[in-house]
Each structure stands twice: as C-alpha cells, then as structure tokens.
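The structure appears below as structure tokens.
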Amino acid sequence: MVGMPSLGDARIAAVEYRALGPVRRLVAPEFLYELADRAAPRLLGWHLESRVDGMLSKLALTEVEAYRFDDPASHSFGGPRGRNVVMFDRPGLLYVYRSYGLHWCANVVCGKVGEGSAILLRAGTVIAGEETMISRRGRSANLTTGPGNLCQALGLTGLHNKIDLFDPRSPVRLLPGKPPSSIRITPRIGISKAIDKPWRFLAVEPG
DNA sequence: TGCTTGATTAACT
DNA sequence: GTTAATCAAGCAC
Numbered sequence: 002m003v004g005m006p007s008l009g010d011a012r013i014a015a016v017e018y019r020a021l022g023p024v025r026r027l028v029a030p031e032f033l034y035e036l037a038d039r040a041a042p043r044l045l046g047w048h049l050e051s052r053v054d055g056m057l058s059k060l061a062l063t064e065v066e067a068y069r070f071d072d073p074a075s076h077s078f079g080g081p082r083g084r085n086v087v088m089f090d091r092p093g094l095l096y097v098y099r100s101y102g103l104h105w106c107a108n109v110v111c112g113k114v115g116e117g118s119a120i121l122l123r124a125g126t127v128i129a130g131e132e133t134m135i136s137r138r139g140r141s142a143n144l145t146t147g148p149g150n151l152c153q154a155l156g157l158t159g160l161h162n163k164i165d166l167f168d169p170r171s172p173v174r175l176l177p178g179k180p181p182s183s184i185r186i187t188p189r190i191g192i193s194k195a196i197d198k199p200w201r202f203l204a205v206e207p208g
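Take 2 as the starting number for the first sequence in this note's numbering and just add one per residue.
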C-alpha cells in the first residue's frame, strides 16, 4: 500500500444529452476529461461490458495504468500519428492496439480532445459470461488478468478500436460500478521509459 | 525496403 | 529464471 488518493464520492457523472436525432446517447463521465493519472483511479470498479459476437461478458475493472502525452512511455508521446490518433480523440473512446505482435491491449481515451491521454485496462474480476470467457481463452486460469488476457476474454480486437464506450448501441460499453475500498499505487509494468511514474492503480478489497 | 523494438504471455528449465 | 511465439509501428537508410 503506497497511498490512497481521495476519490471523492462515487457520484456517477455520466451526462445525458439529446442528440439531434431520436437516439439518446451518453457522453463520458466528467472525470474522464482529466489527464490519465487523475482519471485512471476513478475508473477502478467500473464495469466493462462486451456483447461482441452476440455473447455477453462483463468484468469489474481492478487494475489500470495511466499514459499521458508528455510521457515517453506513452504511444501518444510525439503527437498524433499512425495507430495512436484515437488517443487524441474525445474521451470515452476505446483504443485497441496490437502488442508484441501477439496480443490486443485496450485503453480508454481520457483527457480533453487533442491531449493524447489514455488508461490501459490491465485486469478485472468476472461479473458475467464466465463460460464465454473460458471458451475464448481456451482455459480457466488467469481469465481476465493481464491486458492481453482481458482483451481475449472479452473478444476485443483491433476491430473495436475507436468504439464509443458510452454509446448504448456499442458492442463494448463502460457502466458505473462500485468504487474499491482502497487503491494500491505502483510503478507501471512492462515499460522501459518513465518507469518511475507511480501510475499503476489496483483495486484493493478488504480480506 | 529492411531492421529493431515492444504498455505480453505461457511454456519451459 | 529463461525463452519462444509473432507482427505492427517506427525509424534508418
């Protein structure tokens, strides 16, 4: 336990508005308009729901990492180009990229438009669709721990890059959940630059 | 066009 | 602990 940021209340800040058409949609909660290191701990406990391939699978986020535009470890460092352009788009979009040529990794874009900030989703606890996840993973161990495993369990691939996680019509959505009792903060995993930044956040439950 | 690196994982010893 | 799997992005030439 390194520390525990003040999370404030658990108010769900999703703001509803009417689009020009008949479809009502949600925009990202207010905290996602902050830079990743501030927004990331607030994302713990939120539910990530996938209806990819018509099968429901859902988890509660328990581990995330923050990546910022001014952070040499971030894909957005150096400005928008190539695969990272979605990081500079509006908060609440999903950024999915291929890691090590093998795995898919999912991020939630945060910060203001053009800021290039995102939150890497590293782990969660299963809420629904465990059988679906086991089927996709081909095993029951480490179902949703590790960013690659998490994506595989939910069926997320590059096809889902730039999906709006707050559009009710999206196959992948973020839904409010229960904030953790406390949060453990550590340096990030698997990076070689800016390794001192304490931008990895883990949900800690008593017991 | 070709080489190097990498926000990883799992199966090894 | 060590290593293989495997490929897109980024960069040098």
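We treat Cβ as the ideally placed atom computed from N, Cα and C, and that holds for glycine.
Backbone CA spacing between residue i and residue j [nearest angstrom]
i: R189; j: A40; result: 15 Å
i: M134; j: N143; result: 11 Å
i: H161; j: R99; result: 12 Å
i: P180; j: V127; result: 15 Å
i: L94; j: R140; result: 29 Å
i: L122; j: K198; result: 17 Å
i: N108; j: V97; result: 6 Å
i: R201; j: S183; result: 14 Å
i: R137; j: R84; result: 25 Å
i: H76; j: T145; result: 23 Å
i: T187; j: F78; result: 21 Å
i: G178; j: G102; result: 32 Å
i: P207; j: P42; result: 17 Å
i: E31; j: P92; result: 9 Å
i: P6; j: E131; result: Here P6 scores only 29 on pLDDT, less than 50, and its place in the model is too uncertain to base an answer on.
i: G115; j: G159; result: 21 Å
i: I192; j: P169; result: 34 Å
i: L203; j: I196; result: 17 Å
Residue i: CB within 6 Å of a non-hydrogen atom of the ligand PLP
i: E64; result: Annotation note on the ligand PLP: not contained in the displayed structure, which lists no ligands.
Spatially closest choice to residue i from the options, by CA coordinates
i: V53; options: G102, I164 and N85; result: I164
i: Y68; options: Y101, K194, P169 and T133; result: K194
i: R185; options: V205, C106 and R170; result: V205
i: E35; options: A129, G159, K113 and G191; result: K113
i: M56; options: A129, I192, R91 and P92; result: A129
i: L151; options: I192, H104, I196 and V86; result: H104
i: G117; options: V86, E132 and E131; result: V86
Beta-carbon spacing of residue i, residue j below 7 Å
i: V110; j: A119; result: yes
i: L33; j: V65; result: no
i: P81; j: F70; result: no
i: F167; j: A29; result: yes
i: P73; j: C106; result: no
Checklist entry - Three or more beta-carbon pairs under 8 Å between the region 53-70 and the region 141-156, yes or no? => result Using a Cβ-Cβ distance cut-off of 8 Å, the region 53-70 and the region 141-156 are in contact, since at least three pairs of beta carbons, one from each stretch, lie closer than that value.
Item to check | beta strand (DSSP E) segments (min. 3 residues) lying fully within the region 58-124 | outcome: List check, beta strand (DSSP E) in window: 58-68, 95-100 and 104-111.
Next on the checklist: Quick check: the region 32-50 against the region 169-176, are at least 3 beta-carbon pairs closer than 8 Å?
Outcome noted: Put simply, the region 169-176 touches the region 32-50. At least three CB pairs are less than 8 Å apart.
Next on the checklist: So within the region 149-187, which uninterrupted beta strand (DSSP E) runs reach at least 3 residues, ignoring any that extend past its ends?
Outcome noted: Listed in chain order, the complete beta strand (DSSP E) runs (minimum 3 residues) inside the region 149-187 are 173-176 and 183-187.
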